[in-house]
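Working notes, structure below.
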Amino acid sequence: MNETAPYMKIDVDAVLRARLPRHYRWIPRPLIRMVERTICQDQLNDLLRRNAGRRGAEFCAGVLSDLDISYSIRHGERLPADPHVIIACNHPLGGLDGLILIDYFTRHYGRPVRFLVNDILMAVDPLSDVFMPINKHGRQSRSDASTIDTVLASDTPVIIFPAGLCSRKGKGGVVADLEWQKMFVNKAIASRRPVIPIRFSGENSKFFYNFAKWRKRLGIRLNIEMIRLPKEMLRAAGRSYTITIGHPIAWETLRGGAQARRQAADIRQQVYSLT
123 MNETAPYMKI DVDAVLRARL PRHYRWIPRP LIRMVERTIC QDQLNDLLRR NAGRRGAEFC
183 AGVLSDLDIS YSIRHGERLP ADPHVIIACN HPLGGLDGLI LIDYFTRHYG RPVRFLVNDI
243 LMAVDPLSDV FMPINKHGRQ SRSDASTIDT VLASDTPVII FPAGLCSRKG KGGVVADLEW
303 QKMFVNKAIA SRRPVIPIRF SGENSKFFYN FAKWRKRLGI RLNIEMIRLP KEMLRAAGRS
363 YTITIGHPIA WETLRGGAQA RRQAADIRQQ VYSLT
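Going by this note's numbering, the sequence shown opens with residue 123, and the numbers climb by one from there.
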């Protein structure tokens, strides 16, 4: 760690000033301070400062150490020795689970991994070398699509949260992913990579799920509960999680095209049956 090195710094006030120059002066300062507190700006910047100069898996390891986060692996023997795999995992936490997966699979395979993520996460500079952006709200750029195809053709392990969003509370109070998107199935077939189903333990706070429920009931389409995710990560300090690994699913057994959506749902079900 080199705390004197330049590091990414979160500054809500500066972002609003830059993005909304015409309206900035009308934004109440107490509202800006409230947003800063909600996203735990000071605590996040302290984490970033303490891990200044670290990137990729090294950055993840530093954050996990600072938060005293540990994890254990069940059925690690199921992982193939060949790193030419797609790792498909449920997404219970919304950030911390990603840091842990990057840390573990980098250690396991002894090489850098890549992670398919929403393109807005490319703003997280210490992980920009790990992340590969997926544009969920428009057409994928040619350069990004080319990067993804190049990585999939290599021996680099690739991780994905097929649900995109982190888990929500559904019927009966069960916390689980929303629908898994089919892209990873088609990419596995095209790149001839087996899919490794992974189940990650853990939940966010009741407040987070209730916030999401009421937001939906009020007809608000924007997932504003996501602003709570930094606080959810920080409140997890000192906890331990379990990663359960399933049997590899051979790419030859996958069905793409019109059947890919059904296949993705089947793999999601397999993940939630892992013990």
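Ideal Cβ positions, reconstructed from N, Cα and C, are used throughout, including at glycine.
Outcome for residue i when other beta-carbon atoms lying within 10 angstroms are tallied against a minimum of 16
i	result
F237	buried
P143	exposed
F329	exposed
W336	exposed
A366	It should be pointed out that residue 366 corresponds to Thr in this sequence rather than to Ala. Flag for T366 reads buried.
T272	exposed
P412	What the structure shows of the chain is the stretch from 123 to 397, and residue 412 is not part of that stretch, so it cannot be assessed.
N257	exposed
A382	buried
Candidates the options: closest to residue i by CA position
i	options	result
T364	G178, H213, W148 and G294	H213
Y231	N167, P202, G220 and D219	P202
L396	G368, R383, S187 and L376	G368
Y193	L351, F333 and S323	S323
G216	K293, S327, R264 and V393	S327
I282	G294, S263, K293 and Q303	Q303
D425	I132, R384 and Q392	For residue 425 there is no data in the structure shown, the boundaries of the chain being 123 and 397.
I346	A334, L356 and R357	A334
Extent of the continuous beta strand (DSSP E) to which residue i belongs
i	result
F181	It is not in any beta strand (DSSP E) - F181 instead sits in the alpha helix (DSSP H) that spans G178 to D188.
N240	R236 to N240
T364	S362 to I367
Span of the alpha helix (DSSP H) around residue i
i	result
P352	L351 to R357
S265	R264 to A275
R321	Where R321 is concerned, there is no enclosing alpha helix (DSSP H), although the beta strand (DSSP E) it sits in stretches over V317 to F322.
R383	A382 to S395
C-alpha distance - residue i paired with residue j, whole-angstrom precision
i	j	result
P205	A387	24 Å
R171	Y331	30 Å
V296	R290	8 Å
R159	I349	11 Å
A275	S268	11 Å
E374	A310	9 Å
V239	A285	11 Å
A312	A210	16 Å
G175	L340	43 Å
Q392	P319	7 Å
R139	F253	28 Å
Cβ separation of residue i and residue j, assumed to be a contact under 8 Å, to the nearest whole Å
i	j	result
D241	P255	4 Å
C182	P352	About 16 Å; that fails the 8 Å criterion.
D225	L186	6 Å
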